[in-house]
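So the sequence shown is numbered by the UniProt record's numbering: it starts at 1 and just counts up by one.
Ideal Cβ placement from N, Cα and C applies to all residues, glycine included.
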Amino acid sequence: MKKAATGLMVSALLLTTFPEEGFSASHEVEDISVIIDEAKTHIGTPYSFGGTSPSGFDCSGFLYYTFQQEGITIPRTTSTQYNYGETVNRDSLEIGDIVFFETYKPGPSHSGIYVGGNEFIHASSSNGITINNLNESYYNQRYIGAKRFVEEVEVEVEEEEEPEVLADLPTGEYHDIDEDHWAQEKIYELSQEGIIQGTSDSFFLPDENISRDQAATIFDKALELDDVDVDELSYSDLDEDYWAFDQIATVTEASILEVSEENFQPLELLTREETAMAIDNAFDLPEVESEVTFTDLNEDADSYDAIQRAAEAGIISGYVDQTFKPEEDVTRAEFVSLIYEAWNLDTSNE
Numbered sequence: 001m002k003k004a005a006t007g008l009m010v011s012a013l014l015l016t017t018f019p020e021e022g023f024s025a026s027h028e029v030e031d032i033s034v035i036i037d038e039a040k041t042h043i044g045t046p047y048s049f050g051g052t053s054p055s056g057f058d059c060s061g062f063l064y065y066t067f068q069q070e071g072i073t074i075p076r077t078t079s080t081q082y083n084y085g086e087t088v089n090r091d092s093l094e095i096g097d098i099v100f101f102e103t104y105k106p107g108p109s110h111s112g113i114y115v116g117g118n119e120f121i122h123a124s125s126s127n128g129i130t131i132n133n134l135n136e137s138y139y140n141q142r143y144i145g146a147k148r149f150v151e152e153v154e155v156e157v158e159e160e161e162e163p164e165v166l167a168d169l170p171t172g173e174y175h176d177i178d179e180d181h182w183a184q185e186k187i188y189e190l191s192q193e194g195i196i197q198g199t200s201d202s203f204f205l206p207d208e209n210i211s212r213d214q215a216a217t218i219f220d221k222a223l224e225l226d227d228v229d230v231d232e233l234s235y236s237d238l239d240e241d242y243w244a245f246d247q248i249a250t251v252t253e254a255s256i257l258e259v260s261e262e263n264f265q266p267l268e269l270l271t272r273e274e275t276a277m278a279i280d281n282a283f284d285l286p287e288v289e290s291e292v293t294f295t296d297l298n299e300d301a302d303s304y305d306a307i308q309r310a311a312e313a314g315i316i317s318g319y320v321d322q323t324f325k326p327e328e329d330v331t332r333a334e335f336v337s338l339i340y341e342a343w344n345l346d347t348s349n350e
């Protein structure tokens with residue numbers, strides 16, 4: 001709702017609509033410098049590969065976390081961040097812009113937040129959260145561009161307007177899922193069963209990618225897992241007040257999602273091969289009688305047998321070019337469709 005007054009406000013505009021949960025068309029803040037202030041509070045925090053919390057960050061996780069603290073959601077990975085936003089020339093950089101570098105592999109592989117004065121703050125693999133100058137030889141040679149996800153604009157606030165309020169819908173119905181949507185029936189049925197749910201305002205966000213914490217809650221409900229002693233769960237990137245902590249605990253106890261010894265990485269996105277492995281672990285799929293040929297699968301890969309079992313069971317399939325695309329991220333609609341097939345297979349065998 002706009003306030004009934006005239007004046008200037010600072011508005012942070014998300015310049016693109018992104019396929020990740022929580023993204024919105026725009027977001028208003030009083031001053032973009034609050035993003036920089038938030039970032040600087042983490043100076044000295046150690047680098048942690050895959051880290052997205054103050055206990056340890058990687059470069060894109062640091063940016064994702066910092067913007068999120070101000071209510072702004074940007075893409076999670078460096079390569080995805082580079083693919084969105086407004087391209088900015090180096091001589092036109094403003095605070096809050098994201099700068100990108102090509103380091104250990106072709107394309108964007110490192111990123112930071114421009115803080116002004118030709119400096120940027122980032123998660124260095126050797127120094128943790130620190131500030132460096134763009135003209136330093138290492139970064140100057142590897143700089144490949146910048147993107148703007150927020151900008152300060154002058155907004156004239158004129159008259160009060162009532163926001164559009166969409167009606168709450170019955171369970172299983174969503175404003176962004178119509179009857180012609182390819183996964184409508186599966187989304188409806190699993191919603192009716194209480195296995196999945198959308199947002200509080202009756203949206204499902206079918207095209208956004210699914211994260212590990214969301215997947216954990218769905219597995220927990222689909223399998224009706226027993227509660228476990230949360231005192232035995234110890235991840236450096238989770239605390240007990242995390243919204244999905246209990247569900248992550250039950251899924252961990254059931255050995256459904258692959259985890260490291262120290263981190264759960266709740267905001268990481270699930271790939272197709274990770275999803276196949278998790279479904280295989282969760283539903284104890286039968287052994288394969290006849291393998292399916294996928295041209296991009298390595299028989300020595302940890303995921304190979306799980307993918308074959310899921311494919312033979314009719315849960316997951318490849319593409320028309322006989323590829324599987326194991327490292328491709330899975331959308332919420334795709335994940336629900338796979339869970340639906342596995343859940344139906346499991347319940348029909350009971």
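Rounded to whole angstroms, what is the Cα-Cα separation between residue 33 and residue 232? 41 Å
Taking the beta strand (DSSP E) that residue 120 belongs to, which residues open and close that run? Bounds of the beta strand (DSSP E) holding residue 120 are 119-124.
What residue range is occupied by the uninterrupted beta strand (DSSP E) comprising residue 86? 86-88
Residue closest to residue 323, alpha-carbon to alpha-carbon, out of 311, 296, 306 and 85: 296
DSSP-derived helix/strand/coil call for residue 271: strand
Could you tell me the alpha carbon to alpha carbon distance between residue 86 and residue 74, rounded to whole angstroms? Separation of residue 86 and residue 74 (C-alpha to C-alpha, rounded to the nearest whole angstrom) is 13 Å.
Cβ pair residue 168, residue 191 closer than 8 Å: no
Does the count of Cβ pairs from the stretch 122-130 and the stretch 37-51 closer than 8 Å reach three? yes
Other residues of its chain near residue 304: CB distance less than 8 Å, five sequence neighbours each side excluded: 297 and 298
Starting from residue 147, trace the beta strand (DSSP E) in both directions and tell me its first and last residue. 143-148
Output the boundary residues of the beta strand (DSSP E) element that contains residue 114. 110-116
With a threshold of 7 Å on Cβ separation, who are the neighbours of residue 294 within its own chain once the five nearest residues in sequence on each side are excluded? 318, 322, 323 and 324
Could you say if the stretch 160-179 and the stretch 196-214 meet the contact criterion of at least three C-beta pairs nearer than 8 Å? Proximity of the stretch 160-179 to the stretch 196-214 meets the contact definition, three or more beta-carbon pairs being nearer than 8 Å.
With residue 259 as the anchor, note down where its beta strand (DSSP E) starts and where it stops. Unbroken run through residue 259: none, as it is neither H nor E.
Going by the beta-carbon positions, is the gap between residue 209 and residue 269 smaller than 8 Å? In this structure, residue 269 lies closer than 8 Å to residue 209 by Cβ.
Hey, residue 81 and residue 98 are a contact pair by Cβ (cut 8 Å); roughly how many whole angstroms apart? 6 Å
Quick one: what's got a C-beta closer than 7 Å to residue 222's C-beta in the same chain, skipping five residues either side? 195, 339 and 343
Is the distance from the Cβ of residue 333 to the Cβ of residue 218 below 8 Å? no
CB of residue 288 within 8 Å of CB of residue 265, strictly: Not a contact, by the Cβ cut-off of 8 Å.
For residue 194, three-class secondary structure by DSSP: coil
How many Å lie between residue 278 and residue 60 at the Cα? 25 Å
Straight-line gap, residue 115 to residue 48 (C-alpha atoms, nearest Å): 22 Å
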